[in-house]
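S.K.:
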Amino acid sequence: AKAEPVFVDVDPKTYNIDIASLEAAIAAIKKEGRLKPKAIIPVDLFGLAADYEAIMAIANREGLLVIEDAAQSMGGSLEGRMCGGFGNVGSTSFYPAKPLGCYGDGGAMFTNDDALADALRSFAFHGKGETQYDNIRVGINSRLDTLQAAILIEKLAILEEEMVARQV
């Protein structure tokens, strides 16, 4: 709670997060001492993954989480790894204009960390604990309705084909 975003510049060639700007922002924050960085939230834009080799190295050095916003790059990949799978947590939006969109609103979070997955599930279901009546945190109602899920199942089946078609 009480998180304060710190914006960094983008690389003018890719429009993804600029690594030098990120390094400078972290150094300035540490020097000032007012804020304690918690996470880096890079946005993968136009199907192009950010420089996750550099971002993860910085995050590991500084003890920060990486929360990847892959809403504009779902279906894209870098060196055989799909966008949404580079950070500690990946996220996407199912808004209709996104690469993997449904006909309403929705989204998903991805992680290989069991503790983060449990916390994300809890947050998405009213802060649920062991039972649905045991609320252990502030949460939201974030369940995807069945109509949107049905649309996404069909669109997911053709996602790779659509990504190939976009390359033309």
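Counting with the numbering used here, you get residues 121 to 288 for the letters of the sequence shown. C-beta atoms are modelled at their ideal positions from N, C-alpha and C, and glycine is treated no differently.
Which residues in the same chain as L184 place their Cβ atom closer than 7 Å to its Cβ, once the five residues preceding and following it in sequence are excluded?
M.R.: P157, K158, A159, I160
S.K.: Output the distance between the C-alpha atoms of L264 and I146, rounded to the nearest integer angstrom.
M.R.: 36 Å
S.K.: Work out the CA separation of V209 and A169 for me, nearest whole Å.
M.R.: 14 Å
S.K.: Whose C-beta lies closer than 8 Å to the C-beta of I178 among residues of the same chain, with five residues either side of it excluded?
M.R.: Excluding residues up to 5 positions away in sequence, I139, L142, E143, I146, I160, L184 lie with their Cβ nearer than 8 Å to the Cβ of I178 in the same chain.
S.K.: Within 10 angstroms of its Cβ, does A148 collect 16 or more other Cβ (buried), or is it exposed?
M.R.: exposed
S.K.: Checking 7 Å against the spacing of the C-beta atoms, do A239 and T231 come in under that value?
M.R.: no
S.K.: Should C222 and Q268 be called a contact, given that it needs their Cβ atoms to be closer than 7 Å?
M.R.: For the pair C222 and Q268, the CB atoms are nearer than the 7 Å cut-off.
S.K.: Please go through the same chain and pick out, in chain order, the residues whose beta-carbon is closer than 8 Å to the beta-carbon of L279, but skip the five residues on each side of it.
M.R.: M194, G195, P219, L220
S.K.: Let me check one thing: in DSSP terms, what residues is L185 bridge-paired to?
M.R.: The partner list for L185 (beta bridge, DSSP) reads A159.
S.K.: Does the Cβ of E188 have 16 or more other Cβ atoms within 10 Å, making it buried, or fewer, making it exposed?
M.R.: buried
S.K.: Got a sec, what are the start and stop residues for the beta strand (DSSP E) S193 sits in?
M.R.: Per DSSP, S193 belongs to no beta strand (DSSP E) and is neither H nor E.
S.K.: Which residue's Cα is closest to the Cα of T134: D171, V126, S213, F243?
M.R.: When each option's Cα is compared against that of T134, the closest is D171.
S.K.: What is the DSSP secondary structure of R201, counted as helix, strand or coil?
M.R.: Annotated three-state conformation of R201 is strand, per DSSP.
S.K.: Let's test the definition: count the other Cβ atoms within 10 Å of the Cβ of T266 and tell me whether it reaches 16, buried, or not, exposed.
M.R.: With fewer than 16 other Cβ atoms within 10 Å, it is exposed.
S.K.: Applying the 10 Å Cβ sphere with the 16-neighbour rule, what's the burial state of F214?
M.R.: buried
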